[in-house]
Ligand SMILES: Cc1cc2nc3c(=O)[nH]c(=O)nc-3n(C[C@H](O)[C@H](O)[C@H](O)COP(=O)(O)OP(=O)(O)OC[C@H]3O[C@@H](n4cnc5c(N)ncnc54)[C@H](O)[C@@H]3O)c2cc1C
Ligand code: SF4
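In our numbering, the protein residues as written are 363 to 909.
Right under this line is the structure:
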């Protein structure tokens, strides 16, 4: 039964992939659900035309930047992530892939369930809800990837990505509006994709199947209350029941306010952390440290994975074709058993990420690579000053570039802790520790070099990879890994938090292995599975705890 002594049955913190699946499934089961989301709500017409409109693209509310995209710099990694009603789906590139079966045999979730037997059903559900289909809008960047793959002898691995995009029927132009095509009339009307490449700057054409068009839309329609611009700052057990058996108190503040933070208090019987790998880790580390949730496993912040990624690419100054056309991630290839490369693009005019790109340099990480890079820059500027300047200046970067997103299933992880840093002595912030993650994937670099030569372009990489030996990723995972006990992880195989009742984590933080593919579909599928174990509200079990 619903608990009428609390404001809500469940409060979900975060409205990304895990949070939206949770909100929809719990509402469907008859629970009273609230979703607290620190990001803003977006409509198609509010998205910026390009990412130079930085105040509507980037999220740093204290600097009056109230967009939906964020970059955080750590000693070991640069992390790109989303922040909005709909979480990362608002800024993501729509690519929804099923990982190889082998990932379930790696990491601390191995053996906790018969994953290979159970997961296909949950992937199917997530695929249906997110409207995943094969990309039909191949752009010049995709044809170029195919050409480069053929030249490298791996052309047979080329595939069109599976994307969550509403595409026009075969033979019809994009841009036509249809009544809800996915949920038998229950969902919103949608417009077909025009292949503008703008997915990561927000789809202005109502074609992208972001979560506010499916899971979250249905959750809200069926009664879930979504509190936008609301950051959760505290969660503590109610009525002196230390294990949360009597419910939880949730304290929030307005995330976009400068001074008047509008503190609020809510109560709920069950709580779901779905604030993304970074957000949930940060919040739980703080709550454990300040004594609100002291029984959390000491594993919070451990085994954070970067999906073994590297962002490189090719820029073709003066390219006759517009490489920004197509869907943000339109195709992919496998250059060996472990290494997967996708062709990524930003829309024409969205060049604000351009300053992060520089000439690709090999060599050993550290000072040697920096010297090599400086030598390469100097040599290149002396020999081809105009060509080099045209490869490095940001204007035209999106139109002239293909980004290669390289991912590996190989293992490797870091840990995150709260630390007071010399440059920010006023409070503790999340900081990474552990062994360095390799910045370069040599075989991917080689591929980029050959691809650049093929098209007459320059191979590029991220300046942070060269100067600071720090890889960049949009796919941070782990930090609250799924495991058999609190000594090894933070949640059990049903996403229940060790040490508390009716407390769950449903986001990328519970994933226990590098997937080698983009993770959002897996986050949805794992959450779908967790939700099947929660009974309908009429038979609620308010003493659900980790085995
Ligand atoms: C540019 C870019 C492109 C990407 N492309 C792809 C792709 O093509 N395919 C793919 O699979 N993945 C992609 N990703 C990654 C994908 O976005 C993430 O893996 C995914 O969104 C993670 O889902 P999640 O449920 O863990 O959390 P998220 O979707 O990140 O949602 C978490 C939400 O919680 C909110 N939150 C955090 N802390 C609090 C708090 N204290 N209180 C209230 N709310 C809070 C955040 O604002 C956020 O909206 C991309 C990411 C980026 C940045
Ligand atoms: S390519 Fe353009 S129209 Fe298609 S989903 Fe992406 S942003 Fe929307």
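Even glycine gets a Cβ: it sits at the ideal position worked out from N, Cα and C.
| query | So, do the stretch 406-420 and the stretch 778-792 have three or more beta carbon pairs nearer to each other than 8 Å? | reply | Because the criterion of three Cβ pairs below 8 Å is not met, the stretch 406-420 and the stretch 778-792 do not touch.
| query | What beta strand (DSSP E) runs, 3 residues minimum, are completely inside the stretch 828-885? | reply | 839-841 and 865-867
| query | Going by alpha carbons, who is nearest to residue 803 out of 870, 698, 452 and 585? | reply | For the purposes of this step, residue 803 is identified with residue 441 of the chain shown, where counting begins at 1. It is 698.
| What runs of the beta strand (DSSP E), each 3 residues or longer, lie entirely inside the stretch 722-783? | DSSP runs (the beta strand (DSSP E)) wholly in the stretch 722-783: 763-770 and 777-783.
| field | Residue closest to residue 727, alpha-carbon to alpha-carbon, out of 739, 798, 668 and 784 | value | Residue numbering aside, residue 727 sits at position 365 when the chain shown is read from its first letter. When only C-alpha atoms are compared, the closest one is 798.
| field | For residue 432, the three-state DSSP class (helix, strand or coil) | value | Walking along the chain shown from the start, residue 432 turns up at place 70. Residue state, collapsed to three classes: strand.
| task | Output the boundary residues of the beta strand (DSSP E) element that contains residue 790. | result | Mapped onto the chain shown, residue 790 falls at position 428. 786-795 is the span of the beta strand (DSSP E), which, as asked, contains residue 790.
| Between the stretch 804-818 and the stretch 656-665, are three or more C-beta pairs nearer than 8 Å? | no
| message | Measuring only from the beta carbon, is residue 882 closer than 7 Å to any heavy atom that is part of ligand 1? | response | The residue given as residue 882 occupies position 520 in the chain shown. At least one heavy atom of ligand 1 is nearer than 7 Å to the Cβ of residue 882, so yes.
| said: Quick test of the definition: if touching needs 3 or more C-beta pairs under 8 Å, does the stretch 445-461 touch the stretch 565-576? | reply: yes
| Nearest to residue 631 by CA position, among 618, 616 and 603, is which residue? | What you label residue 631 is simply residue 269 of the chain shown in a count that begins at 1. Restricting attention to 618, 616 and 603, the CA atom closest to the CA of residue 631 is found in 603.
| Can you tell me the Cα-Cα spacing of residue 711 and residue 637, whole angstroms? | Against the chain shown, residue 711 aligns to sequence position 349. Against the chain shown, residue 637 aligns to sequence position 275. Cα-Cα distance, rounded: 31 Å.
| task | Return the CA-CA distance between residue 911 and residue 702, expressed in angstroms with no decimal places. | result | Because the chain is modelled from 363 through 909, residue 911 falls outside the range shown and cannot be assessed.
| Closest by C-alpha distance to residue 511, when choosing among 847, 864, 902 and 806 | The sequence position of residue 511 within the chain shown is 149, counting from 1. For residue 511, the nearest C-alpha among the options comes from 806.
| field | Three-way DSSP call (helix, strand, coil) for residue 629 in this model | value | By one-based count along the chain shown, residue 629 stands at place 267. The answer is strand: DSSP assigns residue 629 an E or B state.
| request: Determine the closest residue to residue 384 out of 795, 598, 580 and 677, with distance taken between C-alpha atoms. | output: Counted from its first residue, the chain shown places residue 384 at position 22. With distances taken between Cα atoms, residue 384 lies closest to 580.
| task | Keeping to the same chain, check which residues put their C-beta closer than 6 Å to that of residue 598; ignore five residues upstream and five downstream. | result | Taking the chain shown and counting its residues from 1, the one referred to as residue 598 is at position 236. Within the same chain, residue 598 has close Cβ partners 611 and 654.
| query | What do you get for residue 539, buried or exposed, if any count of 16 or more other CB atoms within 10 angstroms of its CB means buried? | reply | By 1-based counting over the chain shown, the position of residue 539 is 177. That one is exposed.
| query | Which residues bound the beta strand (DSSP E) around residue 592? | reply | To locate residue 592, count along the chain shown from 1; it is residue 230. Run containing residue 592: 592-599, per the beta strand (DSSP E) assignment.
| request: Would you check if there are 3 or more beta carbon pairs closer than 8 Å linking the stretch 637-648 to the stretch 868-877? | output: yes
| message | Please classify residue 488 as buried or exposed, where buried requires at least 16 other C-beta atoms within 10 Å of its C-beta. | response | Taking the chain shown and counting its residues from 1, the one referred to as residue 488 is at position 126. Buried: at least 16 other Cβ atoms inside 10 Å.
| query | Taking 7 Å as the cut-off, is the CB of residue 869 close to at least one heavy atom of ligand 1? | reply | By 1-based counting over the chain shown, the position of residue 869 is 507. The answer is yes for residue 869.
| task | Identify whether residue 624 lies in helix, strand or coil by the three-state DSSP scheme. | result | Residue numbering aside, residue 624 sits at position 262 when the chain shown is read from its first letter. In this structure, residue 624 counts as coil in the three-state DSSP scheme.
| Closest by CA to residue 486, which one among 823, 906 and 885? | Position 124 of the chain shown, counted from the start, is the residue given in the question as residue 486. The option with the nearest alpha carbon to residue 486 is 885.
| task | Give the straight-line distance between the Cα atoms of residue 770 and residue 674, rounded to the nearest whole angstrom. | result | The residue labelled residue 770 in the question sits at position 408 within the chain shown. The residue labelled residue 674 in the question sits at position 312 within the chain shown. Taking the straight line from one Cα to the other gives about 14 Å.
| request: Let me know the secondary structure DSSP gives residue 904 once reduced to three states. | output: The residue you call residue 904 lines up with position 542 of the chain shown. Of the three classes helix, strand and coil, the one that applies to residue 904 here is coil, per DSSP.
| message | Strictly by DSSP, which residues pair up with residue 673? | response | Within the chain shown, the letter at position 311 stands for residue 673. The beta-bridge partner set that DSSP reports for residue 673 consists of 767.
| message | Threshold first: 4 residues or longer. Then list the alpha helix (DSSP H) segments lying entirely within the stretch 685-722, N to C. | response | none
| message | Excluding the 5 residues flanking residue 689 on each side, which residues of the same chain have their C-beta closer than 8 Å to its C-beta? | response | Within the chain shown, residue 689 is the residue found at index 327, counting from 1. Excluding positions up to five away in sequence, the list reads 455, 456, 497, 499, 501, 523, 525, 527, 555, 557, 559 and 561.
| request: Find out if the Cβ-Cβ distance for the pair residue 458, residue 907 is shorter than 8 Å. | output: Walking along the chain shown from the start, residue 458 turns up at place 96. Walking along the chain shown from the start, residue 907 turns up at place 545. The answer is no: Cβ separation not under 8 Å.
| task | Would you mind reading off the limits of the alpha helix (DSSP H) that contains residue 648? | result | Here residue 648 corresponds to residue number 286 of the chain shown, with the count starting at 1. Residue 648 -> alpha helix (DSSP H) spans 638-651.
| request: Determine contact between the stretch 821-828 and the stretch 844-863, defined as no fewer than three beta-carbon pairs at a distance below 8 Å. | output: no
| field | Assigned secondary structure, residue 570 (DSSP; H/G/I helix, E/B strand, else coil) | value | Stepping through the chain shown from its first residue, residue 570 is reached at position 208. Looking at residue 570 - three-state DSSP - the assignment turns out to be strand.
| said: Helix, strand or coil for residue 821? Go by DSSP, reduced to three states. | reply: Looking up residue 821 in the chain shown gives position 459. Three-state DSSP puts residue 821 in a strand.
| Where does residue 467 land, buried or exposed, given buried means 16+ other C-beta within 10 angstroms? | On the chain shown, position 105 is the one that residue 467 refers to. Under this definition residue 467 is an exposed residue.
| field | Assigned secondary structure, residue 661 (DSSP; H/G/I helix, E/B strand, else coil) | value | Here residue 661 refers to the residue found at position 299 when the chain shown is read from its first residue. Note: residue 661 maps to coil in three-state DSSP.
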